Amino acid sequence: MFLKKGFKIVVMLFFFGVALALFYTSLFIKKDFEPSVMIGKRIPNLVSSSLLSGQDLNLKDMINNEIFVVNIFASWCAPCQIEHPYLMKLKENNIKIIGVNYKDNDKNAKNFLKKNKNPYNGVLKDKNGELSIFLGAYGVPETFVINKNFIIIDKYIGPINDEFVNKVLNLK
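Residues in the sequence shown are numbered from 838 upward in steps of one, following our numbering.
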């Protein structure tokens, strides 16, 4: 009886371990920039209230003739936490980043930014997902690279990494 129960536990732990390993590996597999129907098109003028101030923010008023990044994130998104240090690297290299806080609780999102530091030059609230839909996003995190003419030149699905950071810095 004990052997059967022990064997079941070992089998369950084995399959759980394999599933966990596959999930963890999928987070770090090299991801190339993903095609999007929005690449090559002008970014929509995103307008929403600011997560931090509550005032209306207009995307085009926040950027002046330079390459910038739009990052869709949420406090409840585990891959968003993984990519956060890479967003900080972009900020440290003077790349402007506009955050779009996707379907999140304001308090949780503010705590997330307070705890991890805020890499964003502005954070637009996206309570119902409309802004993300306008961008052609599938989920979180997703990151768009926008040129100085407000044309979307690249899109990255999943947590960004050093390769992404270097690619953006080389566009500067």
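From the three backbone atoms N, C-alpha and C, an ideal C-beta is built for every residue, glycine too.
Note that the structure is predicted; figures quoted are calculated from it, not measured.
Between residue 893 and residue 850, what straight-line distance do the alpha-carbon atoms span, to the nearest angstrom? Residue mapping note: residue 893 aligns to position 56 of the sequence shown, counting from 1. Residue mapping note: residue 850 aligns to position 13 of the sequence shown, counting from 1. Roughly 50 Å between the two C-alpha positions.
Figure out for me which residue from 964, 965 and 981 has the closest Cα to the Cα of residue 972. The sequence position of residue 972 within the sequence shown is 135, counting from 1. Closest option to residue 972, Cα to Cα, is 981.
For a test of the three-state rule: what should DSSP assign to residue 894, helix, strand or coil? If you number the sequence shown from 1, residue 894 lands on position 57. Residue 894: strand per DSSP, three-state reduction.
Would you kindly work out how many angstroms separate the C-alpha atoms of residue 906 and residue 956, rounded to a whole number? Along the sequence shown, one-based indexing puts residue 906 at 69. Along the sequence shown, one-based indexing puts residue 956 at 119. Taking the straight line joining both Cα atoms gives about 11 Å.
Residue 890, buried or exposed, once every other Cβ within 10 Å from all chains shown has been counted against 16: Walking along the sequence shown from the start, residue 890 turns up at place 53. By the neighbour-count definition (other C-beta atoms within 10 Å, threshold 16), residue 890 is an exposed residue.
Could you check whether the region 933-949 touches the region 985-998, counting it as contact only if at least three pairs of C-beta atoms, one from each stretch, sit closer than 8 Å? Fewer than three beta-carbon pairs drawn from the region 933-949 and the region 985-998 are found closer than 8 Å, and the two stretches are therefore not classed as touching.
Considering just the uninterrupted stretch of the beta strand (DSSP E) at residue 886, what are its terminal residues? If you number the sequence shown from 1, residue 886 lands on position 49. Per DSSP, the unbroken beta strand (DSSP E) holding residue 886 starts and ends at 884-886.
Using a Cβ-Cβ cut-off of 7 Å (strictly less than) and excluding sequence neighbours within five positions of residue 926, which residues of its own chain qualify? Along the sequence shown, one-based indexing puts residue 926 at 89. Annotation for residue 926: 1002 place their beta carbon closer than 7 Å to its own, counting only its chain and skipping 5 residues before and after.
Can you list, in chain order, the residues of its chain with a C-beta nearer than 7 Å to that of residue 920? Leave out the 5 residues immediately preceding and following it. Mapped onto the sequence shown, residue 920 falls at position 83. Taking C-beta separations shorter than 7 Å and ignoring five residues to either side along the sequence, the partners of residue 920 in its chain run 978, 996 and 997, following chain order.
For residue 987 and residue 902, the rounded distance between their alpha carbons: Start at 1 with the first residue of the sequence shown, and residue 902 comes out as number 65. Start at 1 with the first residue of the sequence shown, and residue 987 comes out as number 150. If I take the Cα positions, the gap works out to 8 Å.
Euclidean distance between Cα positions of residue 867 and residue 895: Position 30 of the sequence shown, counted from the start, is the residue given in the question as residue 867. Position 58 of the sequence shown, counted from the start, is the residue given in the question as residue 895. Residue confidence for residue 867 is low, a pLDDT of 47 falling below 50, so the modelled location carries little weight; the figure read from the coordinates is stated next. Cα to Cα, residue 867 sits roughly 33 Å from residue 895.
Please report the Cβ distance between residue 992 and residue 875, rounded to the nearest whole angstrom; I am assuming they are in contact, meaning their Cβ atoms lie under 8 Å. Locating residue 992 in the sequence shown gives position 155, where the first residue counts as 1. Locating residue 875 in the sequence shown gives position 38, where the first residue counts as 1. Here residue 992 really is in contact with residue 875; their C-beta atoms are around 7 Å apart, less than 8 Å.
By how many angstroms is the C-alpha of residue 1009 removed from the C-alpha of residue 960? On the sequence shown, residue 960 is found 123 positions in, with the first residue counted as 1. On the sequence shown, residue 1009 is found 172 positions in, with the first residue counted as 1. C-alpha separation (whole angstroms): 22 Å.
Output the distance between the C-alpha atoms of residue 949 and residue 917, rounded to the nearest integer angstrom. By 1-based counting over the sequence shown, the position of residue 949 is 112. By 1-based counting over the sequence shown, the position of residue 917 is 80. When rounded, the separation of the alpha-carbon atoms in residue 949 and residue 917 is 10 Å.
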